[in-house]
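Working notes for the structure below.
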Amino acid sequence: MFYLLNIFIQMKILLNNTTLFESLRPFNDLGFVPTMGGIHKGHLSLINKSNKLCKKTIVSIFVNPKQFNNKKDLNSYPRNIKKDLKILKKSKKVDFVYLPKFKDIYKDKKKSKITLLKKDKILCAKFRKGHFEGVLDVMSKLTKIVKPKKIFMGEKDFQQLYLVKNELEKKYKTKVIPCKTVRDKDNVALSSRNLLLNKSNLIIAAKIYETLVDIKKNTKNKKNIPSFLNLKKKELKNNYKIKIDYLELRNIKNLKLSNTKNNSRLFIAYYLKNVRLIDNL
Ligand code: AMP
Numbered sequence: 362m363f364y365l366l367n368i369f370i371q372m373k374i375l376l377n378n379t380t381l382f383e384s385l386r387p388f389n390d391l392g393f394v395p396t397m398g399g400i401h402k403g404h405l406s407l408i409n410k411s412n413k414l415c416k417k418t419i420v421s422i423f424v425n426p427k428q429f430n431n432k433k434d435l436n437s438y439p440r441n442i443k444k445d446l447k448i449l450k451k452s453k454k455v456d457f458v459y460l461p462k463f464k465d466i467y468k469d470k471k472k473s474k475i476t477l478l479k480k481d482k483i484l485c486a487k488f489r490k491g492h493f494e495g496v497l498d499v500m501s502k503l504t505k506i507v508k509p510k511k512i513f514m515g516e517k518d519f520q521q522l523y524l525v526k527n528e529l530e531k532k533y534k535t536k537v538i539p540c541k542t543v544r545d546k547d548n549v550a551l552s553s554r555n556l557l558l559n560k561s562n563l564i565i566a567a568k569i570y571e572t573l574v575d576i577k578k579n580t581k582n583k584k585n586i587p588s589f590l591n592l593k594k595k596e597l598k599n600n601y602k603i604k605i606d607y608l609e610l611r612n613i614k615n616l617k618l619s620n621t622k623n624n625s626r627l628f629i630a631y632y633l634k635n636v637r638l639i640d641n642l
């Protein structure tokens, strides 16, 4: 019986745009999960949601060089297509996997016109110059190619979700659906970059998460939140010997700096062993 079921659950691999256009033509209720591979349970939660809300689910794996502001980071980004495909197939929730080449995405050599507004040059946009311009450009190109009804993205990358949702829903007939952050048993947010960390790094990341929960709780009765967070930033740096790009409380609707815990999230980006990690809670 299981064997019989298995043959009906096919996962088609699309290696170029011609195959993609042919294969996707009959479907207009497509859920799309764009990824850079290193598939983990965070990605799978997006896939599960797509599988529930859409008739067909397509996952893309494309490490987009244009969103990396640092060559070393691009070169060390974890890549293992064989393993990724095995996990996706095993999930039985994926109908198509799109594995584009650079030329499938960037066939027209025109320079992208995407620029960020001054108000959006905050958090990661401030510390990774050109990163979100690259993300918005590739997301726009992928949306034009795949034409999904819904795109599923993680709150783990909250600023990315915020910018992409604003940009794509304005330009295309697609909805961007936010999905909750999936964490490991010690509450470290799952990320492909965690593959670059060892056990003791992950223990530190878990301790940092605990400290962040505490910091967020304590913002409740603070008059001057930025100065409180500045102090906590220094403590985190000294206690864990990490470099911190930012530690800020921001409003979830507009990402403006917030002076109240209500409707706000605490955002952090820090380096553990040269690996840049982000989280928000
Ligand atoms: P990436 O492969 O890192 O570019 O991520 C692809 C998608 O998965 C993005 O929408 C991410 O926000 C989402 N994602 C990554 N990690 C997690 C996580 N731990 N929980 C939920 N979604 C995630």
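Per my numbering: the sequence shown = residues 362 to 642.
All C-beta atoms in this analysis are idealised placements derived from N, C-alpha and C, irrespective of residue type, glycine included.
By the Cβ test, the stretch 496-515 is not in contact with the stretch 620-630, since fewer than three Cβ pairs between them sit closer than 8 Å. The Cβ atoms of Lys-594 and Leu-616 do not sit closer than 7 Å to each other. The stretch 381-390 and the stretch 407-423 touch, with three or more beta-carbon pairs separated by less than 8 Å. Per DSSP, Glu-528 is one residue of the alpha helix (DSSP H) stretching across 519-532.
Non-local beta-carbon contacts of Val-496 in its own chain, meaning distances under 8 Å to residues more than five positions away in sequence, involve Asn-425, Gln-428, Gln-521, Leu-524 and Val-525 in chain order.
Checking the 6 Å criterion, the Cβ of Ser-553 is within range of a heavy atom belonging to the ligand AMP. Under the rule that a run must span 4 or more residues, the alpha helix (DSSP H) segments found entirely inside the stretch 409-476 read 432-437, 442-452 and 463-466.
The straight-line gap separating the alpha-carbon atoms of Phe-423 and Leu-563 is approximately 26 Å. In the DSSP assignment, Pro-587 falls outside any beta strand (DSSP E) and lies within the alpha helix (DSSP H) extending over 586-601. For Phe-388, there is no enclosing beta strand (DSSP E), since its DSSP letter is neither H nor E. Residues of the same chain with a CB within less than 6 Å of the CB of Ile-576, apart from the 5 flanking positions on each side, are Lys-593 in chain order. Each of Leu-529, Lys-532 and Ala-486 was checked against the Cα of Asp-518, and the nearest Cα belongs to Ala-486. For Lys-583, the CB contacts under 6 Å within the same chain, skipping 5 residues up- and downstream, are Phe-589 in chain order.
Rounded to whole angstroms, Ile-586 and Asp-481 show a C-alpha spacing of 21 Å.
Not one heavy atom of the ligand AMP falls within 6 Å of the beta-carbon of Val-499. Secondary structure note for Ser-625: its beta strand (DSSP E) is the uninterrupted segment 625-633.
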